[in-house]
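Worksheet: the structure to be examined is printed underneath.
Chains as they are written, first to last, in full-length UniProt numbering: chain E, 1 to 571; chain A, 1 to 571.
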């Protein structure tokens, strides 16, 4: 007995950290077939729930999309009274452009294409995620490294699927539409914008519908389990737990996917529209005009290489390494992509070209456009890091909030809300700087490609994001299948943090995209006088000003929280 | 025994509501001298705490004000290199205006005047409120009517003090400055704007400093009492309770007072500056130029009459009537003030005059100005009513939130936050409509007087607002002095609701005032080109747009809350 304790003490003192980690990582319960059957059962329950939720959602989406498509067709078609005759172009009266009716038709088609692509990508992502859940749990029996690889690879599959599908359908649509439009770039890219609108409309449903469902299921399951019955999270006795797992899948995977897809499609379309009225369009340089698409495709290649860093070049040995590995994904993809953009900009762009800028033409050199894309890309990295800092339990903000729980829910809510408000400060400045720099270098086109830059590593971003709910659910399955606590721990790390990083990307790029879209509208409509709000200085003032109340609220709320905390401690 | 029950039943069935209320309102404990001594002790503890808090606050305020005053003097004085010579006026080169150094000096003086007036008003308000606390408690022994009158009258004293002080000091300052400036209206009213700035600077400290203290003390006291020790609110065993009472006094009385004073002074100054460059200034019509001050003085008279409705014309017989009586104050003061504005506009204003409007001159009739003030006034009423609806426990929103507590803190927080977000929707539209109408009728001057209209019944607003903390603290004193639960109930009604109404006024008028100030700046600096953001349509778009995310968040949060609630109930 005494000898065993002594051996234990000696082992703990003598064996270095890495080796003792290895000892913990022993395989367990590999031969227990019952566990596998149970996991499969739970997985199919989650899959069934998610599928039925999405099908219900898609029924409403379908009705909305058809109605909206009819509206688009009627509004755009009525511009020239549904005439089928070619009309003189608005901007060069000596040329004939395609009739508005054609634009209406093609816009409606691309709108439906965008919505369908987003829908299919989201659905397939959900399917992959539910297949991956139980597999991750089973792999976790072999060690944390195996579980990580399974979860991350599944996330990556979802990311690549979405990025590649989005790009492929867009490219095919452009080429097919070109058969009809020929050299009428303005008409061509005007109808292509429907693609972005379709993606965004789908995102609205996916994000809000899925988001409400996932949060409601999460809160409901926690309340039933922790508050009412006093049973631990993900306990099999709590029937709301499956709903929680379904929610994670439809909200944070399908929903986040359609959200990022929407931003991605919108920024591509905005950049294409602005490009079409620049010198690329005038000189009929189709390849150069497709620069935004080239950036996205380079992004897919870069993300492919980056993924190898997580799954093949290094091995995860302990749970603590997971968050660092995911963070490394962000850094590696950004660094590689910077090189990628440089190559693309050097090869594909002419050394000098002119860009439409509020009625004027602006001379731009190709390396300036490189900086525009790069600043968006790096701003995305900053947003990712700040989000991670504020959302991860490895740093002081979350620890402070946890600490404030000592005195009950009130101080916890105050601190948590203050923390949330505070977390927007640096991202807003990152976005403000990107807007200022990219506009100064290449006007509205600069902003559009900066948004694309932020989204160019979307595949890696989605892989990181999807890792969260997949491993979170794997943990839940481990608990429900009655596996040991150790296995649950191997899967349940960093889940919520990575989901937060995904949200940061989605919102940051949405801010840039909205400005780029507004810019595309102004450029296309050739409005040159009423551009006051669009001036980057004013727009930066607007977004920074909108952020200030949150900063101020965060400071005052934090003061209230700490003062109350001290008071309670003193009394 | 059986007979007593039967009599009780008969009494309950037979005696109508009013009479049974009267029976409850019996006098109790009037001859107990110990209670009086105890109340006096608690009152002096609160008074001491509040005084020492305010003195500490004023030390910091003093340092800030002196430093800021020096800055103002240096910045304004350096405009013409501290020259003491009269300079040609900027807007009519053939006239000579007072040197910038004089403007700097007078601006600094009026800045300090504004800050001091706000400080003194806040301090006296606090003194009145602490004196009224225990008196309300003691009066509550005689019945709810007496307690209401004591608390409301004290609030009214504070309201009139602040409104009258503000107006008096401003009027005296204008007349003294006029001795030097003569007919140089632009210089005169430019230096007077310091008054508004002083008031606002003081408001910053009063509101934020006092606000943080009051909320921290409130949360701290509740946590110590309810969560840690499981003793009821305001229990004498909890030492944090006195801090809570001090907080109510310095935050919701002195702080709210300086906040409303700031808006009041700012809107008067903004209106005066715009008036000075209109035809009033050109024609040297001093009385007409003082129209904003006339509106405020009419407001004081109207509020005086209104107060009689609460304290003398009707009598409060039960606790339930209190909220209705306070609401009646809002309605009566608004209705009377509408008549008052009509009289003022008809007597004091010329039938037609011209107003500066972004470089142009706009022809305005006197009855149009009446509508500008009136729409601000009525928008204030709408804001007050909506705030009351969302903050009072008599209506469904608060009841829904209370209902959501059944399933714990999580759904409660979600519902509460959603409710708060939702409560801004109608006020924002009320403000948007006021801006649009008043700008259409009388340009920037219209917006400035609309803000004044909203604040014209400030004395009644402050009386209602101060009623809250006074009666709240009276309830606390009753509890601490060991008086019966019935007495506590007589004082503790409607407290939080009225404080919320005050906040609604302060924020609504602040939005109008900020626009009016911006307008005054643009008018004074004669900027006519870059006015895009100031166009009411754009500004309305901005504030309504800024509100939309809250609307949307409220809807989604409410869905999450209700879905979680249903889920918990089902499981």
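Yeah, the Cβ is synthetic: ideal placement off N, Cα and C, and Gly gets one too.
Please determine, among the options, the residue with the shortest C-alpha to C-alpha distance to residue i.
i                      : options                       : result
residue 47 of chain A  : A:326, A:550 and A:474        : A:474
residue 423 of chain E : E:390, E:199 and E:104        : E:390
residue 414 of chain A : A:523, A:135, A:560 and A:49  : A:560
residue 104 of chain E : E:546, E:80, E:487 and E:179  : E:80
residue 368 of chain A : A:345, A:145 and A:378        : A:345
residue 363 of chain A : A:96, A:445 and A:374         : A:445
residue 42 of chain E  : E:515, E:514, E:519 and E:480 : E:480
residue 455 of chain E : E:284, E:506, E:186 and E:350 : E:506
residue 380 of chain A : A:343, A:114 and A:432        : A:432
residue 462 of chain A : A:87, A:259 and A:241         : A:259
residue 443 of chain E : E:520, E:387 and E:39         : E:520
Starting from residue i, follow the beta strand (DSSP E) in both directions and report where the run begins and ends.
i                      : result
residue 287 of chain E : Not the beta strand (DSSP E): residue 287 of chain E falls in the alpha helix (DSSP H), residues 286 to 289.
residue 146 of chain E : That residue, residue 146 of chain E, is in no beta strand (DSSP E); its alpha helix (DSSP H) goes 144 to 181.
For the putative contact between residue i and residue j, defined by C-beta atoms under 8 Å, what is the C-beta separation to the nearest angstrom?
i                      : j                      : result
residue 219 of chain E : residue 410 of chain A : 5 Å
residue 166 of chain A : residue 261 of chain A : 6 Å
residue 373 of chain A : residue 449 of chain A : 5 Å
residue 302 of chain A : residue 333 of chain A : 6 Å
residue 154 of chain A : residue 129 of chain A : 6 Å
residue 169 of chain A : residue 113 of chain A : 6 Å
Any heavy atom of the ligand SAH inside 6 Å of the beta-carbon of residue i?
i                      : result
residue 431 of chain A : By its list of ligands, the structure shown contains no ligand whatsoever, and the ligand SAH lies outside what it can speak to.
Between residue i and residue j, what straight-line distance do the alpha-carbon atoms span, to the nearest angstrom?
i                      : j                      : result
residue 564 of chain A : residue 216 of chain E : 4 Å
residue 392 of chain E : residue 398 of chain E : 7 Å
residue 434 of chain E : residue 523 of chain E : 20 Å
residue 573 of chain A : residue 110 of chain A : What the structure shows of chain A is the stretch from 1 to 571, and residue 573 of chain A is not part of that stretch, so it cannot be assessed.
residue 482 of chain E : residue 243 of chain E : 18 Å
residue 486 of chain E : residue 318 of chain E : 12 Å
residue 160 of chain A : residue 356 of chain A : 33 Å
residue 544 of chain E : residue 327 of chain A : 39 Å
residue 555 of chain E : residue 193 of chain E : 42 Å
residue 66 of chain E  : residue 276 of chain E : 29 Å
residue 573 of chain E : residue 525 of chain E : The first residue shown for chain E is 1 and the last is 571, placing residue 573 of chain E beyond what the model contains.
residue 394 of chain E : residue 144 of chain A : 56 Å
residue 134 of chain A : residue 490 of chain A : 14 Å
residue 516 of chain E : residue 269 of chain A : 41 Å
residue 427 of chain E : residue 465 of chain E : 18 Å
residue 44 of chain E  : residue 131 of chain E : 9 Å
residue 267 of chain E : residue 566 of chain A : 39 Å
residue 224 of chain E : residue 557 of chain A : 19 Å
How far does the alpha helix (DSSP H) with residue i in it extend, from its first residue to its last?
i                      : result
residue 355 of chain E : That residue, residue 355 of chain E, is in no alpha helix (DSSP H); its beta strand (DSSP E) goes 352 to 357.
residue 437 of chain E : 425 to 455
residue 471 of chain E : 458 to 480
residue 254 of chain A : First-last for residue 254 of chain A: undefined, no H or E at that position.
residue 189 of chain A : 185 to 222
residue 312 of chain A : Neither: residue 312 of chain A is in no alpha helix (DSSP H) and is coded neither H nor E.
residue 412 of chain A : 409 to 422
residue 247 of chain A : 240 to 247
Does DSSP classify residue i as helix, strand or coil?
i                      : result
residue 317 of chain E : coil
residue 403 of chain A : helix
residue 32 of chain A  : coil
residue 362 of chain E : strand
residue 96 of chain A  : strand
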